[in-house]
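Note sheet for the following structure.
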Amino acid sequence: MESKFKFGIRSKIILGYIVIILCLLVSVILLNNQIRSLQEERNSIINYDSRIQELTASIEKSVLDMETGQRGFIITGNQSYLIPYNDGKENWEAQFDELYQLMKDKPAQQENLLEIKDNIENWINTAGEPTIQYKEQNNLDALNAFFESDSGREYINDITEKFNSLRDTEKTASAKQAAKLDAQNNTVTIGLFGALVLISLVAIIIASQISKSIVRTIKEVTGTIGTIAASKGIINTRIHVRTNDEIKELAVATNLLLDNVEQREWLQSNVADIVMKFQGLASIEALSNTFITELAKKTNASFGAFYVKDAQQKKEMYVKAATFAESGEAIGRDTFQLGEGLIGQSAKEQRMIHYKEIPNDYRLIATGLGDVSPRSIIIVPVMFEGDVIAVLELATMTEFTKLQQDLIVGIVESFGVTINSIMGRMEIVRLLNESRAMTEELQVQSEELQTQSEELQSQSEELQMQKEELMATNEQLEDRTREAEAKTKDLEKAKEELEEKTELVIQNSNYKSEFLANMSHELRTPLNSILILSEMLAENDANHLSAEEMEFANVIHSSGKDLLSLINDILDLSKVEAGKLDVHFSEVSINDITSQLERSFAPIAKQKDVEFIIHKQETLKDIMYTDEKRFQQIIKNLLSNAFKFTESGSVSLNIKKKQQISRSMKELSREWLEISVSDTGIGIPRDKHKLIFETFQQADGATVRKYGGTGLGLSICREFARLLGGWISLKSSEGKGSTFTLTIPSLPNGIADAKLNISDINVAATMEVKKQEARFEIDKEEQRHEEERKAEIMLSSDKHDDVFKGKKVLIVDDDNRNIFALKTTLEKIGMDVLVAHNGKESLGIIEETPDLDVILMDIMMPNMNGYETMTIIRQTMNLTEIPIIALTAKAMKNDREKCLEAGASDYISKPLDLDQLYSVLRVWLVK
Numbered sequence: 068m069e070s071k072f073k074f075g076i077r078s079k080i081i082l083g084y085i086v087i088i089l090c091l092l093v094s095v096i097l098l099n100n101q102i103r104s105l106q107e108e109r110n111s112i113i114n115y116d117s118r119i120q121e122l123t124a125s126i127e128k129s130v131l132d133m134e135t136g137q138r139g140f141i142i143t144g145n146q147s148y149l150i151p152y153n154d155g156k157e158n159w160e161a162q163f164d165e166l167y168q169l170m171k172d173k174p175a176q177q178e179n180l181l182e183i184k185d186n187i188e189n190w191i192n193t194a195g196e197p198t199i200q201y202k203e204q205n206n207l208d209a210l211n212a213f214f215e216s217d218s219g220r221e222y223i224n225d226i227t228e229k230f231n232s233l234r235d236t237e238k239t240a241s242a243k244q245a246a247k248l249d250a251q252n253n254t255v256t257i258g259l260f261g262a263l264v265l266i267s268l269v270a271i272i273i274a275s276q277i278s279k280s281i282v283r284t285i286k287e288v289t290g291t292i293g294t295i296a297a298s299k300g301i302i303n304t305r306i307h308v309r310t311n312d313e314i315k316e317l318a319v320a321t322n323l324l325l326d327n328v329e330q331r332e333w334l335q336s337n338v339a340d341i342v343m344k345f346q347g348l349a350s351i352e353a354l355s356n357t358f359i360t361e362l363a364k365k366t367n368a369s370f371g372a373f374y375v376k377d378a379q380q381k382k383e384m385y386v387k388a389a390t391f392a393e394s395g396e397a398i399g400r401d402t403f404q405l406g407e408g409l410i411g412q413s414a415k416e417q418r419m420i421h422y423k424e425i426p427n428d429y430r431l432i433a434t435g436l437g438d439v440s441p442r443s444i445i446i447v448p449v450m451f452e453g454d455v456i457a458v459l460e461l462a463t464m465t466e467f468t469k470l471q472q473d474l475i476v477g478i479v480e481s482f483g484v485t486i487n488s489i490m491g492r493m494e495i496v497r498l499l500n501e502s503r504a505m506t507e508e509l510q511v512q513s514e515e516l517q518t519q520s521e522e523l524q525s526q527s528e529e530l531q532m533q534k535e536e537l538m539a540t541n542e543q544l545e546d547r548t549r550e551a552e553a554k555t556k557d558l559e560k561a562k563e564e565l566e567e568k569t570e571l572v573i574q575n576s577n578y579k580s581e582f583l584a585n586m587s588h589e590l591r592t593p594l595n596s597i598l599i600l601s602e603m604l605a606e607n608d609a610n611h612l613s614a615e616e617m618e619f620a621n622v623i624h625s626s627g628k629d630l631l632s633l634i635n636d637i638l639d640l641s642k643v644e645a646g647k648l649d650v651h652f653s654e655v656s657i658n659d660i661t662s663q664l665e666r667s668f669a670p671i672a673k674q675k676d677v678e679f680i681i682h683k684q685e686t687l688k689d690i691m692y693t694d695e696k697r698f699q700q701i702i703k704n705l706l707s708n709a710f711k712f713t714e715s716g717s718v719s720l721n722i723k724k725k726q727q728i729s730r731s732m733k734e735l736s737r738e739w740l741e742i743s744v745s746d747t748g749i750g751i752p753r754d755k756h757k758l759i760f761e762t763f764q765q766a767d768g769a770t771v772r773k774y775g776g777t778g779l780g781l782s783i784c785r786e787f788a789r790l791l792g793g794w795i796s797l798k799s800s801e802g803k804g805s806t807f808t809l810t811i812p813s814l815p816n817g818i819a820d821a822k823l824n825i826s827d828i829n830v831a832a833t834m835e836v837k838k839q840e841a842r843f844e845i846d847k848e849e850q851r852h853e854e855e856r857k858a859e860i861m862l863s864s865d866k867h868d869d870v871f872k873g874k875k876v877l878i879v880d881d882d883n884r885n886i887f888a889l890k891t892t893l894e895k896i897g898m899d900v901l902v903a904h905n906g907k908e909s910l911g912i913i914e915e916t917p918d919l920d921v922i923l924m925d926i927m928m929p930n931m932n933g934y935e936t937m938t939i940i941r942q943t944m945n946l947t948e949i950p951i952i953a954l955t956a957k958a959m960k961n962d963r964e965k966c967l968e969a970g971a972s973d974y975i976s977k978p979l980d981l982d983q984l985y986s987v988l989r990v991w992l993v994k
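Note that our numbering numbers the sequence shown so that position 2 is 69, with each residue one more than the last.
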C-alpha cells in the first residue's frame, strides 16, 4: 500500500540542515563553557593581582605619609603636618588585614607580611611617636640625638624592600598561572578544529545521501520521458515513481499532460476526418446527412436530428434537414420556432444543453429486439457570425463523455461556415435563374424606355436652365463661406493674443513674487543692523546713555519691528494672491485653543481694564479638522483688533456649531463651526463694512492716526478663511461695537476632496497657503514689560557667559553693517570673532583656523553664495562636525529646507532677534 506520508526534497534538505545545526549548537555550547571557564580564571588572576598591587601601594603610601607628616611636624612644628601622619596610622592596619586575608593560601607570603607589620609597628614605636612627643615637649636635645642615629630610616628601607620582594613573588606566580591558562586555551582551540572537522564529515555524508535519493528518482523519471520521446508519437506509456515527494508530483503532472495531449490528438484527427467528408457536397440535405451520420458514429449516439434555419420565412423557423437511425415513426418534430421547446430555447440562448436524467415518456430508441429509452441527450446550436443557423440534437443509450462533448463542440464551431457557404452557393444558383427570366422582361421594357427617353430629352433642357440658376445661388453661398472663414481666422488670432497676454500675466506674477522676495532681502538686511544695534543701545550695559537716549533707542527698535511686521504682511499677502502657500489639515482641539487664547489675551484685558469672556457651546465636539495655524491666526487677529479698538466694556469669544446648513454646504462638510468675536468698541459704519476687508484699508484716516496699523490684517484673515473653506461676516454699527463671525467647515480629508458651491457659500477654496505669522503688539503693554525683559536677557547672558567665553565664531556676510552689528554683539558676550566678506574668503579662513567653534553664514552673497559655500564645507572639505547657522533675509518658500540640504545645522531669518541668536548659539556650542 502506498504511504500517505509525503517526505519531499525540501523536507530532506531541511532535515540535513537541522542535523548539522544541532551538531554545531552542541559544539558551540561545549566550547562556550570552556571559554567562559578560562575567562573567569583569567579575570580572577587579574583582579587578584590588581588588588595586591593596590593594597601594597596603599600601605606603603600610609607609611610614607606618616614619615612625611612626622618630619614636617618636627621641622615646622605645624599641627597640620600631623593630619597625614594620623590618617596613615589609622588606615594601614585595615589595609594590612585585607592583604593578609588575600594571601591566606600562601603561608610564606604571610610570614613576609608579618615581618613588614613588625617593622611598621617598630618604626611607629621607636621613631614616630617618640619624636613627635619630643617636638611637642620642645626637647631639641633628644631630637638631635635621635636624628644623629636615625634608626627609623632602616625600618622604612626594610619595609620598601620587603614590599618589592612580595610583589615580585606575586608577579612570578601570576605568570605561571597565565601560562597554564594559555595551555588550556590551546587545548580548546584544538577541540574547536576537531569539532569543525567532525561536523564537516557529517554534513558531507548527509548531503551525499540526500542527493543520491533525489538523483536516483530523477533518473527514473527522465528515463521514462526518454522512452516516450523515442516512441514516435505513441504516447500511451506513463511514468511510475516509487518515492512520495516532489518528483512524484512532477510525474503525476506529466502523466496528466500526456493524457491531455492524447485526447487532443484524438479530437483533432476525428475533426479532420469528418471535415474531409464535407468536400464535394453541394446541397444542404447531403451535407446534413453526412454531418449527423459521421458525428453519431464518433460519439456512439443512438439516434439524432439536424435542423437548419429557413431563410424564406419571416419568422425564425428551423426545418428538419436530416436524421440518424430513424425508425418507422418520424424522429422529432418537422419544424420549430426560436424559443419553442428545449431545442428552440437552446437556439434562443445560443448555448449547448446536456441532459442526463431523461423522463420515462421520452421517445424510445428502436432496435431489432425492441425499444430502449436513452440515458443522455445533447442539444447544440450551430453559430455563424453571432446568429444560430442550425441546431443539432443527439441521444445515446449510454452517456456522452467529456471527450465526446468536446468533439461535438469542436466540429460545430467550424460547421456554421460550411453550412453558410453551401447555402450561399444554393442562393447564387437560384438568383442566376431568376436573373435570366428578368433579362427577358428587361428587353421588353427597354423598348418602352426608348420612347420615354425622348420625352425626358425635352425635360432635360428645362432642367439645364434650373441648373444655371442653382450655380448662381451656389456662388453666393461660396462668398458667404469665405467671409465665415475669414472671421474664424480673426477669432483664432484673437485667441492666440489672449494666450500670449495670459502668459504675460503669469510671467508678471512671477516677477512680482521675485521682486517682493528680493525687496524683502534688501529691506531686512539693513533692518537687521538697526534692530540689533538699537536693542544693544536700549540695554545700556555700560550705563553711558541717558534715560532720554534709551527711550530713543526703544523707539528705533519698536519702529523697526513695526517695519518688519509690515514687510511680512505685504510679502505673505502677495504669496496668497500668487497661490504659493500650503494648507495642512489636521486634528484640532477646541479646548486647547481656547486655553491658549485665554493665556495670551487675559493680561491685555487686565491691563486695559476690559472684560474678556470665552464661551463654548456645551454640546460642541472638542475635535475638528482644519489648519490649526491659520485657524489660530484668524482668531488672534480678530481678538487683537477687538482689544485695540475697545477702550472699555468687554470682548467676548463665542464658539458654537452652525445649525442652519444649506445643501451646498453639506456637500462640503456636515459639520460647520461659528466663531464670533464681539466687542463694545468704536464700531464700524455700515458703508465701510466691505472697505475694511480690502488691502491697506481702514475705516477712516482718523482710525489710522489714533490706533495705527497697516490695513492688512482683515484682508489676510479673509483670504485665509476662504482657503480653509469658510468665510468671515461682520455685524457692526458706529459707536455700538462690532461682531466678526468666522464660519468654517470640519474637513478630515482636506479641501482637495470637497466640492464647494461658490454661488451658495461665496467661498473660493484654494489649496496653496503659506505660514503668515500672527503678530500683534500693544504699546502700553510693551512699555510696561520692557525693563523686565531686559533684566531677564541680562540674567540669561550672565548665566551662560561660560558657554560663549573664548569660543571662536566666523561671520560670513557681504554687508559691513551686519558684520559690525554681529561682531559688536558677539564680542560683548566674550566670543572671538573672525570675519569673511564672501564665500571664497571664508573657505581660506576655515582652512587656516581648524579650531573654529561655529559659523554664521549669510545666504545672498556675490561670487559664491551661502548654499555653494556650505556644500563645499560639508562635501569637499569634509567638515561635518562644525555647526553652521544660516542667516537669510530672502524669506522665500522652502528656504529652510534648502539651507539644511546644503549643509546648514540651523536656520535664522533676518532681522535677527538677539534672544533667538543667543539661544541657537547655546544649543550648538553646548553639543
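C-beta atoms are modelled at their ideal positions from N, C-alpha and C, and glycine is treated no differently.
ask   = Taking the alpha-carbon positions, what's the V458 to L499 distance?
value = In a straight line, the C-alpha of V458 is about 29 Å away from that of L499.
key: Length of the line joining the Cα atoms of Q417 and E514   = Take the alpha-carbon of Q417 and the one of E514: they are about 53 Å apart.
ask   = In terms of alpha-carbon separation, which member of K688, I87, R442 and N621 lies closest to A462?
value = It is R442 whose Cα lies nearest to the Cα of A462.
key: Identity of the residue in K376, L630 and L362 nearest N487 by Cα   = Just measuring C-alpha positions, the residue of K376, L630 and L362 sitting nearest N487 is K376.
query = When the Cα atoms are used, what is the spatial distance from Y152 to E134?
reply = Those two C-alpha atoms are separated by around 7 Å.
inquiry  = Taking the beta strand (DSSP E) that F403 belongs to, which residues open and close that run?
reply    = Boundaries of the beta strand (DSSP E) around F403: T402 to Q404.
query = Can you tell me where the alpha helix (DSSP H) with A669 in it begins and where it stops?
reply = Per DSSP, the continuous alpha helix (DSSP H) segment holding A669 begins and ends at I657 to K675.
inquiry  = In whole angstroms, give me the CA-to-CA distance for T808 and D746.
reply    = The straight-line gap from Cα to Cα measures roughly 12 Å.
request  = Put N541 into one of helix, strand or coil per three-state DSSP.
outcome  = Helix at N541.
inquiry  = Which residue marks the beginning of the alpha helix (DSSP H) containing I702, and which one marks its end?
reply    = For I702, the enclosing alpha helix (DSSP H) stretches over residues E695 to K711.
task = Please check the pair L122 and L89, which I expect to be a contact at CB under 8 Å, by giving their CB distance rounded to whole angstroms.
result = The C-beta separation of L122 from L89 comes to about 49 Å, leaving the pair out of contact by the 8 Å criterion.
message = Can you give me the C-alpha to C-alpha distance between S601 and A620, rounded to a whole angstrom?
response = Computed Cα separation, rounded: 5 Å.
query = K382 by DSSP, collapsed to three states: which one?
reply = Coil.
ask   = Using DSSP with H/G/I as helix, E/B as strand and the rest coil, what is E801?
value = The answer is coil: DSSP assigns E801 none of H, G, I, E or B.
ask   = Exposed or buried, I142, counting other C-beta atoms within 10 Å across all chains shown (16 or more means buried)?
value = Result: exposed.
Reduced DSSP category for N186 - H, G, I as helix; E, B as strand; rest coil = Per DSSP, reduced to three states, the secondary structure at N186 is helical.
key: Proximity to T357 [Cα-Cα], best of S369, I112 and M343   = Checked all of S369, I112 and M343; the closest Cα to T357 is M343.
ask   = Mind checking if A353 is an interface residue toward chain B, Cβ cutoff 8 Å exclusive?
value = In summary, chain B is missing from the structure at hand, where a single protein chain is found.
request  = At 3 residues or longer, and completely inside the stretch 437-490: list those beta strand (DSSP E) runs for me, N to C.
outcome  = The stretch 437-490 contains these whole beta strand (DSSP E) runs: 443-451 and 454-463.
inquiry  = Quick check on the DSSP output: the alpha helix (DSSP H) that includes S717 runs from which residue to which?
reply    = S717 -> not in any alpha helix (DSSP H); beta strand (DSSP E) instead, spanning S717 to K724.
query = Is it true that the stretch 914-929 meets the stretch 870-887, where meeting means three or more beta-carbon pairs spaced less than 8 Å apart?
reply = Note that the stretch 914-929 touches the stretch 870-887; at least 3 beta-carbon pairs, one per stretch, sit closer than 8 Å.
inquiry  = Give the list of continuous beta strand (DSSP E) stretches no shorter than 3 residues that lie fully inside the stretch 77-120.
reply    = Counting only runs of 3 or more, we get nothing.
ask   = According to DSSP, is T321 helix, strand or coil?
value = If DSSP states are grouped into helix, strand and coil, T321 belongs with the helices.
inquiry  = I'd like the span of the beta strand (DSSP E) that includes N924, first residue to last.
reply    = According to the sequence as given, residue 924 is Met; it is not Asn. Unbroken beta strand (DSSP E) run through M924: V921 to D925.
ask   = For A270, which option in G219, S129 and L82 has the closest C-alpha, if you only look at C-alpha atoms?
value = Ranking the options by Cα distance to A270, first place goes to L82.
inquiry  = In the DSSP assignment, the alpha helix (DSSP H) including I410 goes from what residue to what residue?
reply    = Counting along the chain, the alpha helix (DSSP H) containing I410 begins and ends at G408 to E416.
Close beta carbons around Y222, own chain, < 8 Å, minus the five adjacent residues each side = N186, I187, N189, W190, T193 and A194, listed in sequence order.
key: Proximity winner among V496, L893, E507 and M450, relative to T485 (alpha-carbon distances)   = Checking every option, the nearest Cα to that of T485 belongs to M450.
task = Please name the residue or residues paired with W991 in a DSSP beta bridge.
result = W991 is not bridged by DSSP to any residue.
Cβ distance (whole Å) where L998 is taken to contact T892 below 8 Å = Nothing can be reported for residue 998, as the shown portion of the chain is limited to 68 through 994.
query = Three-state secondary structure (DSSP) at D899?
reply = Reduced to three states, the DSSP call for D899 is strand.
ask   = Considering E908, what are the terminal residues of the beta strand (DSSP E) in which it resides?
value = Per DSSP, E908 belongs to no beta strand (DSSP E); it is in the alpha helix (DSSP H), G906 to E915.
For G750 and G804, believed in contact at Cβ under 8 Å, the rounded distance = Contact between G804 and G750 holds, with the beta-carbon distance rounding to 5 Å and staying under 8 Å.
query = Exposed or buried, which one is P174 when buried takes at least 16 other CB atoms within 10 Å?
reply = Its Cβ having fewer than 16 others within 10 Å, P174 is exposed.
inquiry  = Assuming G933 and A903 are in contact, meaning their beta carbons sit under 8 Å apart, how far apart are those beta carbons, in whole angstroms?
reply    = Their Cβ separation, rounded to whole angstroms, is 11 Å, which puts G933 and A903 out of contact at 8 Å.
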